[in-house]
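*Asks:* The structure under discussion is supplied below as structure tokens; questions concerning it will follow.
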Amino acid sequence: MVNYFSSNFKLGILGGGQLGKMLLTETQKYDIYTCVLDASAEAPCSAICNEFHQGSLLDFDTVYNFGKKVN
């Protein structure tokens, strides 16, 4: 199987809830670096993503700055 993703690819995920956690379990099959933004430090994704950022999903500047760091 051809690997289209590399560790240079940073997948940004808004919201670290249960759906985000299910997405992360699938990304672990590939070489995808994952970054998650969620308001809660205890979000389900916080323990299994490569990089976790805590911040409000309703704050424009927080989401915009997070988006500038990921693909």
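Using my numbering, read the sequence shown as starting at 1026 and increasing by one per residue. We put the beta carbon where it would ideally sit given N, CA and C, even for glycine.
(1) I think L1062 touches L1048, with their Cβ atoms under 8 Å apart; what is that distance to the nearest whole Å?
(2) Whole-angstrom Cβ separation of L1082 and Y1058, contact assumed at under 8 Å?
(3) Determine the DSSP secondary structure at V1095, reduced to helix, strand or coil.
(4) Could you check if A1068 is buried or exposed, using at least 16 other CB atoms within 10 Å of its CB as the buried criterion?
*Replies:* According to the structure shown:
(1) What you label residue 1062 is simply residue 37 of the sequence shown in a count that begins at 1. What you label residue 1048 is simply residue 23 of the sequence shown in a count that begins at 1. That pair is no contact at about 13 Å.
(2) As a first step, residue 1082 must be located in the sequence shown, where it is residue number 57. As a first step, residue 1058 must be located in the sequence shown, where it is residue number 33. Actually they do not touch by this definition, with Cβ atoms about 21 Å apart.
(3) On the sequence shown, position 70 is the one that residue 1095 refers to. Coil, per DSSP.
(4) Translated into the one-based positions of the sequence shown, residue 1068 becomes position 43. Counting Cβ neighbours within 10 Å, A1068 comes out buried, since at least 16 surround it.
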